[in-house]
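The structure under discussion appears below in the form of structure tokens.
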Amino acid sequence: MGRVEKSGAYVRSLAAQRRLLKALIPALVAFFIVAPFLVSLLFQVDVGIFVYGVCFLAAAWLVFQRKQLERSARKADKGALAEEKVSQLLAPLRRQGWRVKPNHMLPNRRSDIDFVLMSPQGKAFAVEVKGHSGRGEIVFDGKQLKIRNGSTLRSFPENKDFLKQVTGNARALKEAEKLRWVEAVIVFPNSKVSIQTIDNRVMNVYVVDGSSLVKLLEQLAKSGSER
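Under the numbering used here, the residues of the sequence shown are numbered 265 to 491, in order.
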């Protein structure tokens with residue numbers, strides 16, 4: 265199933281790219297601030313208030329983007345740490361003969377699957393790692409995964425639909441590798457998961473915390489529930 269990569273490597277590369285872009289922004293800001301003055305001085309022309317305004321707005325937008333890039337890079341680092349934690353949790357399965365492939369890139373898709381696993385029994389799993397941490401527990405509201413903190417229920421940032429994501433990735437893996445079936449799993453290694461269903465399964469996706477992951481995978485590998 266391709267070459268072996270270090271868990272979290274793909275996400276860390278995204279963080280590095282975002283920090284590189286962030287490092288370039290001050291130079292671009294300086295350019296937009298200085299450029300109209302240089303043009304006016306060198307060519308003895310009046311660039312006009314409109315050009316000054318556009319350059320100022322461009323510089324302000326870049327400053328805003330710099331903050332966004334740093335926030336995004338920190339989020340990517342957090343995700344990489346979560347993937348590394350899950351990789352450690354999967355160590356017993358490796359010793360049992362499971363094949364564990366991190367950062368599995370799907371053909372014609374921009375995202376990767378955090379972990380693709382193949383059990384000794386020949387069952388395949390697409391495991392997505394979510395690095396959410398902090399107060400609250402992960403619940404299912406009948407449509408999507410949400411964060412519940414006391415009586416407050418809130419969506420994940422950008423209203424992301426993790427169930428749809430992992431289901432699509434599992435289907436794409438099944439088609440690309442010509443597998444009979446791929447079980448879709450979401451693991452929150454840093455959060456409590458409270459899914460009130462049999463086997464923590466919602467919409468054909470198993471949702472567990474880190475402490476329950478290996479036990480779930482072992483049970484599914486031994487069961488005869490493959491489609």
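Ideal Cβ positions, reconstructed from N, Cα and C, are used throughout, including at glycine. Just so it is clear, the structure is predicted and the values come from calculations on it, not from any experiment.
Residues that DSSP places opposite residue i in a beta bridge
i      : result
Asn433 : Beta-bridge pairing links Asn433 to no other residue.
Phe389 : Leu381 and Glu447
His368 : Ile377
Phe307 : Phe307 pairs with nothing; no bridge assigned.
Phe452 : Asp473
Arg363 : Met382
Leu492 : Missing from the structure shown is residue 492; the chain here goes from 265 to 491 and no further.
Assumed close pair residue i, residue j - CB separation to whole angstroms, cut-off 8 Å
i      : j      : result
Ser351 : Ile402 : In fact, because the Cβ distance is near 21 Å, the residues do not count as touching under 8 Å.
Leu427 : Val466 : 7 Å
Leu381 : Val364 : 6 Å
Ser397 : Asn454 : 4 Å
Leu326 : Val293 : 5 Å
Arg282 : Ser336 : 5 Å
Gly395 : Lys342 : 5 Å
Simplified DSSP state of residue i, which is helix, strand or coil
i      : result
Lys331 : helix
Ile402 : strand
Asn493 : Outside the shown range of the chain (265 to 491) lies residue 493, about which nothing can therefore be said.
Arg267 : Any reading at Arg267 needs caution, since the residue's pLDDT is 39, under 50, leaving its predicted position unreliable; the model's value is listed next. Note: Arg267 maps to coil in three-state DSSP.
Asn423 : helix
Leu354 : coil
Lys349 : helix
Ile459 : coil
Lys486 : helix
Lys407 : coil
Test item: CB-CB of residue i and residue j under 8 Å
i      : j      : result
Ala340 : Ala279 : yes
Leu333 : Leu481 : no
Lys387 : Glu447 : yes
Val275 : Ala355 : no
Asp376 : Met369 : yes
Glu417 : Asp405 : The sequence shown places Leu at residue 417, rather than the Glu named in the question. Cβ atoms of Leu417 and Asp405: closer than 8 Å.
### Task
Taking 8 Å as the threshold, find out whether the segment 319 to 336 comes into contact with the segment 296 to 308 through three or more Cβ pairs.
yes
### Query
Below 8 Å, can you find three or more Cβ-Cβ pairs linking the segment 471 to 488 to the segment 436 to 452?
With the cut-off at 8 Å, the segment 471 to 488 and the segment 436 to 452 touch.
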